[in-house]
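In what follows, a structure is listed as structure tokens, so that the remarks can point back to it.
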Amino acid sequence: MVDQNNTNLVELSVSELSMSLKRTIETTYDHVRVRGELGRVTIAGSGHMYADLKDEKSVLSTVMWKTQVGKLSFRPEEGLEIVATGRLSTYPGRSNYQLIASDIRPAGAGALMALLEERKKKLAAAGLFDPDHKKPLPFLPRTIGVVTSPTGAVIRDILHRLSDRFPVRVVLWPVLVQGDMAAEQIAAAIDGFNDMDPPDRPDVLIVGRGGGSIEDLWPFNEENVVRAAFNSMIPLISAVGHEVDHTLIDYVADKRAPTPTGAAEFAVPVRSELILSLQDLGQRQKHALTRYVKRQRDRFAAARLPRAERLLEVKRQQFDLLASQLGNSVRHLTAQRRLHLTKTSAALRPDLLRTDLKRSHRRLSDIANRANPAMRRTLQQKTQKLDSEAKTLETLSYQSTLRRGYALVLAPQGQLVRSARDAAKLKSFAVRFGDGEVTATPHQSAGIKNTPARTAKTRSRSTVKPDQGDLF
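Mapping of the sequence shown onto numbering that gives the first Met the number 0: residues 0 to 471, in sequence order.
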């Protein structure tokens, strides 16, 4: 057994050993690049990111400080395969090691495409790509705003194409079109143009850059750029990359151009063609005006009043024709009226009226003779029915029941007493028979027994009263 008192090992405190390990690890692994899949991802309130980088066998705690997190061109999400660059260090408070990442990038174009597709679905579900939100481009803008790099070929192509087609005022907002800060600058440029006041505010915007890889074009896939384009009140044309390149800003823009040159063609018409079109319209307007003036001149000439003699010629001929036809018309009308009068007078002879009057008298007498027996029969039937119902009512009335030997027991207020128990609670009650009514008081006993032989003891307080009418 080794004697610990004679050992030459230096005794270290826990803190001293932890710091020694920290220096050793940071010196040996001061710059590493690690590939793995993101597990847990947490953005703290301070802005720092804490994540797990893992593979099939191991897990590496990873920390990225706020300044580096703000430079990322994508949002780290769980399940995304990445390549992290940084240095290894330890956290003495827990005796574990961790990767202090200075840069994180998706592991290859495949990961970026998966992230792009996921973000595209998210924005589409939010309605940012809805065609109903797209605005029409102005036919002839006075000012065009361009968001692109001031040193690239894009701005030169746009200016050259605009000068060939229709020179207009161009306002350039210089931005980075590649790198970590590009997305933030592009979104700020779109918002800045929209915040301008007329007449400095552009009528249409062109956002563009040249072609490149998916990593180069990634700033135009960032959500802040897409939302800035969606919220733009100025119609926006996207001209990012070549015709085969597609970014998310293309789906939200009001018009997508395959190239920056195509964006300039969409923005303005061809000036020479517009001049020819205006000249053609001017000639057509001149010919139309000439035809209109000639047509109005002809109508005016046709509408001039003729001489007075010609105005009376037609009316004079019409008068002569009507005067010649007046005699025959009067004679014909007189003959028709005479014939009608003859027919009407024949129908009004006194003998015909007397015959109709006699026929009506006979019909009235016949109806009267038949009505009297019918009335007597009806009256007799109604009388018999009334007598029968009266007998039935008498049979079913409670007075008939009382006359057969039954009686009613009534409380002082006139309510019907239905049991001996209820009668025992009263000071007095009335007993109504078929021929009159007497007043009685209940016999005061220890209790009421429900036996048929037991009856209430009564004392007559008055003579028989006459019937006071129906109970019901």
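Note that CB positions come from ideal geometry on N, CA and C, so glycine has one too.
Which residues bound the beta strand (DSSP E) around M195? Premise fails: M195 is in no beta strand (DSSP E) and is neither H nor E.
Note down the Cα distance separating I248 from V203, rounded to an integer number of angstroms. 16 Å
If we count the other Cβ atoms within 10 Å of its Cβ and call it buried at 16 or more, is G144 buried or exposed? buried
Can the beta-carbon of A106 be found closer than 8 Å to that of V68? no
Measure the C-alpha to C-alpha separation of T400 and D434 and round it to an integer number of angstroms. 12 Å
Please report how far the alpha carbon of I366 lies from the alpha carbon of L378, in whole angstroms. 18 Å
Look at the alpha carbon of W217 and the alpha carbon of K121, and state the distance between them as a whole number of angstroms. 17 Å
8 Å contact criterion, which I157 and P259 should meet: CB distance rounded: Contact between I157 and P259 holds: their C-beta atoms lie close to 5 Å from each other, under 8 Å.
State the beta-bridge partners of Y49 as determined by DSSP. Y49 has T41 and V62 as its beta-bridge partners, per DSSP.
Where does T41 land, buried or exposed, given buried means 16+ other C-beta within 10 angstroms? exposed
For K448, does the count of other Cβ atoms within 10 angstroms reach 16, so buried, or fall short, so exposed? Any reading at K448 must be qualified, since the residue scores a pLDDT of 47, below 50, and its modelled position is unreliable; no value is offered.
First and last residue of the alpha helix (DSSP H) that includes L352? P349 to L395
Starting from S237, follow its DSSP beta bridges and name the residues at the other end. V206 and R255
Taking its Cβ as the centre, do 16 or more other Cβ atoms sit within 10 Å of N220, making it buried, or is it exposed? buried
If you run the structure through DSSP and keep just helix, strand and coil, what is G326? helix
Classification of I233 by the beta-carbon crowding that lies within 10 angstroms, buried from 16 upward: buried
Buried versus exposed, by CB contacts within 10 Å (16 or more), Y115: For clarity, residue 115 is Leu in the given sequence; the question names Tyr instead. Buried, since its Cβ has 16 or more Cβ neighbours within 10 Å.
For N7, which residues from the same chain have a beta carbon less than 6 Å from its beta carbon, with the 5 sequence-adjacent residues on both sides left out? none
May I ask you to verify whether the stretch 73 to 87 touches the stretch 28 to 41, counting CB pairs closer than 8 Å and requiring at least 3? Result yes; three or more Cβ-Cβ pairs closer than 8 Å.
Under the three-state DSSP convention, the category P130 falls into: helix
I believe S94 touches K21 by the beta-carbon criterion, under 8 Å. Please report the beta-carbon distance rounded to the nearest angstrom. So it is not a contact: roughly 10 Å between Cβ atoms.
Could you spell out where the beta strand (DSSP E) holding R270 opens and where it closes? Taken as a continuous stretch (DSSP letters only), R270 belongs to no beta strand (DSSP E), being part of the alpha helix (DSSP H) at R270 to A301.
Measure from the alpha carbon of A227 to the alpha carbon of each residue in V239, A182 and E264, then state which is nearest. A182
Output the distance between the C-alpha atoms of V169 and R141, rounded to the nearest integer angstrom. 9 Å
For D215, collect the residues of the same chain with a Cβ closer than 7 Å to its Cβ; drop the 5 residues on either side in sequence, then sort them by chain order. Counting only Cβ-Cβ distances below 7 Å, and skipping sequence neighbours, we find Q177.
Got a sec, what are the start and stop residues for the alpha helix (DSSP H) F229 sits in? Note, F229: alpha helix (DSSP H), E222 to N230.
Thinking F229 and L127 are a contact (beta carbons under 8 Å), I'd like their distance in whole angstroms, please. 5 Å
Quick one: what's A100 bridged to in DSSP? Checking the DSSP bridge columns, you'll see A100 partnered with G85.
C-beta contact flag for A256 and S231 at 8 Å: no
Could you name the residues that DSSP lists as bridge partners for F138? Paired residue(s): none; F138 is not in a bridge.
Proximity of A406 and V430 at Cβ, strictly below 8 Å: yes
Indicate the three-state DSSP secondary structure (helix, strand or coil) for L16 in the structure shown. helix
Leaving aside the five residues before and after D102 along the sequence, list all residues of the same chain whose C-beta is less than 6 Å from its C-beta, in chain order. For D102, where only same-chain residues beyond five positions count, the Cβ hits under 6 Å are T84.
The ligand MN and M48: does any heavy atom of the ligand fall closer than 7 Å to the residue's C-beta? With respect to the ligand MN, the structure offers nothing, as it holds no ligand at all.
So is F138 buried or exposed if we call it buried at 16+ other beta carbons inside 10 Å? exposed
Applying the criterion that 16 or more other CB atoms from any shown protein chain within 10 Å of the CB defines a buried residue, is I189 buried or exposed? buried
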